[in-house]
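Letter 76 of the sequence shown, counting from 1, is numbered 824 in this note's numbering, and no numbers are missing. Cβ atoms here follow ideal geometry from the backbone N, Cα and C, with glycine treated the same way. In this text, all values refer to a predicted model and were calculated from it rather than measured experimentally. First comes the structure, then the notes that go with it.
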Amino acid sequence: MTAAVARAVMALAARCLGPGRQQWALAMQAEFDAAVEDGKPLAFALGCLVAACREGLQQDEGQFVLAQYLLALALLLPMAALQVDQAVGFLLTPGAGLPYGMVANHAAQNPYLIWSQNSALPVLQLLWLSLGVAHLGLAWVLVEGDWTRVVKLGALIGAATITLSVFTGVLLLDMSLLIAHGPKRAIALAAILATARWHARLSHPTERLAR
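Rendered as structure tokens:
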């Protein structure tokens, strides 16, 4: 288990160095194999990661990679956890029905909506879960640099959010949670757009040289 974690850390360190420091990455990998034989792979891998981050901050490619991981780990993954937690909250609700906190105050005593709200529970669970999985996938494809899938998952998140908002409004449920998540999604979208533009600026000189 320790060796597997150490190898993952080494892979992250190699990514942080960027494409212009691959010789250094290969040298670190060779030394890592020796550290594995000595029984200290994780300590060596962490040291390589710190050194790679310091080196990466001094070059554009390294800064870009670090920004990708920061966006994925600090923003997208926590958002995915929040969406999944909301879906799990429905599953853990004792008995049939919605969690009381999801029912708007003016609709809490409306008997005509009870059946519709309870019937919508599986759909709400699916929508919240799909949002969580989509944010998790978005974090993954972002660090992989797969911008086509970034666009597709971003569109999926937007569609799921709109659908969830419509269902919540029609069923007179409390929309405070959706409203609270709105600024976070806007920040994530702005950060992803900025990262995409950054990537375009970095790749443009390479494209000109290729021509």
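For the putative contact between residue 773 and residue 760, defined by C-beta atoms under 8 Å, what is the C-beta separation to the nearest angstrom? Numbered from its first residue, the sequence shown carries residue 773 at position 25. Numbered from its first residue, the sequence shown carries residue 760 at position 12. Between residue 760 and residue 773 the Cβ distance is about 11 Å, and since that is not below 8 Å, they are no contact.
What separation, rounded to the nearest whole angstrom, lies between the Cα atoms of residue 778 and residue 785? As a working note, residue 778 is residue 30 in the sequence shown. As a working note, residue 785 is residue 37 in the sequence shown. Their backbone Cα atoms lie some 11 Å apart in a straight line.
With 16 other CB atoms within 10 Å as the buried threshold, where does residue 880 fall? Counting from one through the sequence shown, the residue named residue 880 turns up at place 132. Flag for residue 880 reads buried.
Helix, strand or coil for residue 921? Go by DSSP, reduced to three states. On the sequence shown, residue 921 is found 173 positions in, with the first residue counted as 1. The answer is strand: DSSP assigns residue 921 an E or B state.
Would you check if the distance between the CB atom of residue 905 and the CB atom of residue 883 is smaller than 8 Å? On the sequence shown, residue 905 is found 157 positions in, with the first residue counted as 1. On the sequence shown, residue 883 is found 135 positions in, with the first residue counted as 1. Closer than 8 Å, so yes.
Starting from the C-beta of residue 943, find all residues in its chain whose C-beta is less than 8 Å away, skip the five residues before and the five after it, and write them out in chain order. Your numbering for residue 943 matches position 195 in the sequence shown. Excluding sequence neighbours, residue 943 sits near 812, 815, 816, 819 and 890.
For the alpha helix (DSSP H) that residue 782 lies in, which residues bound it at each end? By one-based count along the sequence shown, residue 782 stands at place 34. From DSSP, the alpha helix (DSSP H) with residue 782 extends over 770–786.
What is the rounded straight-line gap between the Cα of residue 827 and the Cα of residue 752? For the purposes of this step, residue 827 is taken as residue 79 along the sequence shown, with counting starting at 1. For the purposes of this step, residue 752 is taken as residue 4 along the sequence shown, with counting starting at 1. So the alpha carbons of these two residues sit roughly 26 Å apart.
Residue 893 (DSSP reduced to helix, strand or coil): Locating residue 893 in the sequence shown gives position 145, where the first residue counts as 1. Residue 893 falls in the coil class under three-state DSSP.
For residue 914, count the other beta carbons within 10 Å of its own beta carbon; 16 or more makes it buried, fewer makes it exposed. Which is it? The count along the sequence shown starts at 1 and reaches residue 914 at position 166. So residue 914 counts as exposed.
Mind reading off the beta-carbon distance from residue 936 to residue 824? Whole number of angstroms is fine, and I expect it under 8 Å. In the sequence shown, counting from the first residue as 1, residue 936 sits at position 188. In the sequence shown, counting from the first residue as 1, residue 824 sits at position 76. Right, the Cβ-Cβ distance comes to about 6 Å (below 8 Å), so this counts as a contact.
Segment contact, 8 Å Cβ cut-off, at least three pairs: the segment 911–926 with the segment 866–877: yes
Whole-Å CB distance - residue 878 paired with residue 908, under 8 Å assumed: Here residue 878 corresponds to residue number 130 of the sequence shown, with the count starting at 1. Here residue 908 corresponds to residue number 160 of the sequence shown, with the count starting at 1. The pair is a contact, with the Cβ atoms about 5 Å apart (cut-off 8 Å).
Rounded to the nearest angstrom, what separates residue 758 and residue 934 at their Cα positions? Residue 758 sits at position 10 when you count from the first residue of the sequence shown. Residue 934 sits at position 186 when you count from the first residue of the sequence shown. Approximately 33 Å between the Cα atoms of the pair.
So what does DSSP say about residue 887, is it helix, strand or coil? Stepping through the sequence shown from its first residue, residue 887 is reached at position 139. Three-state DSSP puts residue 887 in a helix.
Using the Cα positions of residue 797 and residue 923, report the straight-line distance between them to the nearest angstrom. One-based indexing of the sequence shown puts residue 797 at position 49. One-based indexing of the sequence shown puts residue 923 at position 175. So the alpha carbons of these two residues sit roughly 42 Å apart.
Which whole-angstrom value describes the C-beta separation of residue 901 and residue 885, a residue pair presumed to lie in contact below a C-beta threshold of 8 Å? Sequence index remark: in the sequence shown, residue 901 carries index 153 (1-based). Sequence index remark: in the sequence shown, residue 885 carries index 137 (1-based). With a Cβ gap of about 5 Å, residue 901 and residue 885 count as contacting.
Kindly give me the distance between the Cβ atoms of residue 780 and residue 791, rounded to whole angstroms, as I take these residues to be in contact under 8 Å. Along the sequence shown, read from residue 1 onward, the residue named residue 780 stands at position 32. Along the sequence shown, read from residue 1 onward, the residue named residue 791 stands at position 43. Actually they are not in contact, since the Cβ atoms of residue 780 and residue 791 sit about 11 Å apart, beyond 8 Å.
Taking only three categories from DSSP, how would you classify residue 760? In the sequence shown, counting from the first residue as 1, residue 760 sits at position 12. Looking at residue 760 - three-state DSSP - the assignment turns out to be helix.
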